[in-house]
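Encoded as structure tokens, the structure appears first; notes follow it.
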Amino acid sequence: MLGSAVRASTNHRQHYFLENPALLSSLRHISSSKSNGNANQHSFTVSYLVNKCGFSLTSALEASKRVHYETPHKPDSLLSFFKDHGFSENQTLKLTRKCPELLLYNPDKTLLPKLEFLYSKGVSTADVAKIISFYPWILRCSLENQLVPTFDFLKNWFPNDTIVQVFKSTPLVLQLNPVTVKYISQILRDNGVPDKNIVMLVRSHPKTLLLSPKKFNMVLCKVRKMGLDPCKTQFVVAILALTSMSRSTWEKKLDVYRRWGLSHEEILAAFAKSPWFMTLSEEKVVAVMDLFVNKLGWESSFIAKNPTLVSYSLEKRLTPRASVLQFLVSQGLIEKSFRSTTFFIASENKFLQQFINQRAESTQILKLYQEKLNLSR
1151 MLGSAVRAST NHRQHYFLEN PALLSSLRHI SSSKSNGNAN QHSFTVSYLV NKCGFSLTSA
1211 LEASKRVHYE TPHKPDSLLS FFKDHGFSEN QTLKLTRKCP ELLLYNPDKT LLPKLEFLYS
1271 KGVSTADVAK IISFYPWILR CSLENQLVPT FDFLKNWFPN DTIVQVFKST PLVLQLNPVT
1331 VKYISQILRD NGVPDKNIVM LVRSHPKTLL LSPKKFNMVL CKVRKMGLDP CKTQFVVAIL
1391 ALTSMSRSTW EKKLDVYRRW GLSHEEILAA FAKSPWFMTL SEEKVVAVMD LFVNKLGWES
1451 SFIAKNPTLV SYSLEKRLTP RASVLQFLVS QGLIEKSFRS TTFFIASENK FLQQFINQRA
1511 ESTQILKLYQ EKLNLSR
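With our numbering as the guide, the letters of the sequence shown map in order to residues 1151 to 1527.
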């Protein structure tokens, strides 16, 4: 019987190598650096991942450092498990490539209870398969210590009929530490942040809540020192902006704006009005400031007082409208001293009606505007 088992195991290995003979030559170096037993096991694992799971040879070799199979029995049972629970072949291959360790799990003991828990919360079979194929780490979370407490925490912030929608739109919420999030939520409340803004943070930007309480406190104190009102949405947005960059990145952003003549106080005031003002790339900031300051002749201080201008798309909004403004100034139809945020932030219909359609030169102006817009497509 033992001999039969050994022959069966050997036949399995030969079968997977025969499916892809090119692997044999690629894997020969493994046996030269490992004992024969380990080499055979390692080689079989790599072959299985390539032939059955669609791994590249490089990624299979990397994954084989963490997972090892002697026969296809266990990984095959996992692939069948996912198929039986509504996962398409593409979804199964996607999640195994992202998390090959799952192929070592006991499906009925470790994975099934987690799927059944999600089903019990109203998440459909199709949605579970879709979400887990993108975020397979969910299946590595502890059911008792992570998934259940997190769903219980969400009940405190969202109506029962919306919790599933929150999970579907932002699966990362299941990675939150309920104890830490409860602590951070209380800190925000104690500082006057309305519950609706805390909910926005949990639902739309849960990654921020993965910070340690100590680091979160430091960021919150920094935002308070800038004078932002905790009751306003900008307070939470400022926290998001600061947590999205390192201290060195923050200093680099400050330096970019200083090079355009803005003082430290002007920059912080702009950040308080529109926190995303400091999250834009250096290239974007330079291009926008060049447009307004050098091409239109506007003062950098005006931009700092109206920081939302910087956030608009150069190609689809700022450059086409700047061309219209330059034409209007050149024709004496608008004073050179003209400064108006409305010109750039107005909706498309309002912009056309207010600044183009009512003018005698509307046909010429509209043609110029559309030419610039077409360049962005």
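Glycine included, each C-beta is placed from N, C-alpha and C at the ideal position. The model shown is predicted, which means the values in this text are computed figures rather than measured ones.
Where does S1185 land, buried or exposed, given buried means 16+ other C-beta within 10 angstroms? Any answer about S1185 is weak, because its pLDDT of 46 lies below 50 and its placement is not dependable; what the coordinates show is given next. With fewer than 16 Cβ atoms within 10 Å of its Cβ, S1185 is classed as exposed.
Touching by the beta-carbon criterion (3+ pairs, under 8 angstroms), the region 1243-1251 and the region 1193-1207: yes
Output the distance between the C-alpha atoms of L1483 and W1410, rounded to the nearest integer angstrom. 29 angstroms
Below 8 angstroms on the Cβ atoms is my guess for F1303 versus P1328; work out the distance and round it to an integer in Å. About 4 angstroms; that satisfies the 8 angstroms criterion.
Using only the alpha-carbon positions, how far apart do G1187 and K1402 sit? With a pLDDT of 46 at G1187, under the threshold of 50, the predicted position of this residue should be treated as unreliable, though the coordinate-derived value follows. Cα to Cα, G1187 sits roughly 54 angstroms from K1402.
A1422 to N1306, Cα distance in whole Å? 30 angstroms
Comparing C-alpha positions only, which one of L1468, L1378 and E1511 sits nearest to T1492? L1468
My assumption, with CB atoms under 8 angstroms, is that S1591 sits in contact with F1231. Please give the rounded CB distance. Coverage of the chain is limited to positions 1151 through 1527, which leaves residue 1591 absent and any answer about it impossible.
Thinking C-beta only, is Y1255 closer than 8 angstroms to L1261? Yes. Within cutoff.
In chain order, what are the residue ranges of uninterrupted beta strand (DSSP E) at least 3 long that sit wholly in the region 1446-1508? none
Between which two residues does the alpha helix (DSSP H) carrying A1419 extend? H1414 to K1423
DSSP three-state assignment for L1261, whether helix, strand or coil: helix
Would you mind sorting Q1384 into buried or exposed? The rule is 16 or more other CB atoms within 10 Å of its CB. Buried: at least 16 other Cβ atoms inside 10 Å.
Bounding residues of the alpha helix (DSSP H) (the contiguous stretch that carries M1439): E1432 to M1439
Less than 8 angstroms between the C-beta atoms of V1474 and V1460, yes or no? no
Would you call the CB atoms of L1322 and P1356 closer than 8 angstroms? yes
What's the C-alpha gap between K1443 and E1449? Per the sequence shown, the amino acid found at residue 1443 is Val instead of Lys. If you take the alpha carbons of V1443 and E1449, they lie about 6 angstroms apart.
So, at 7 angstroms on beta carbons, what are the nonlocal neighbours of I1515 in its own chain, with the 5 sequence-adjacent residues on each side left out? V1474, F1477, I1506 and R1509
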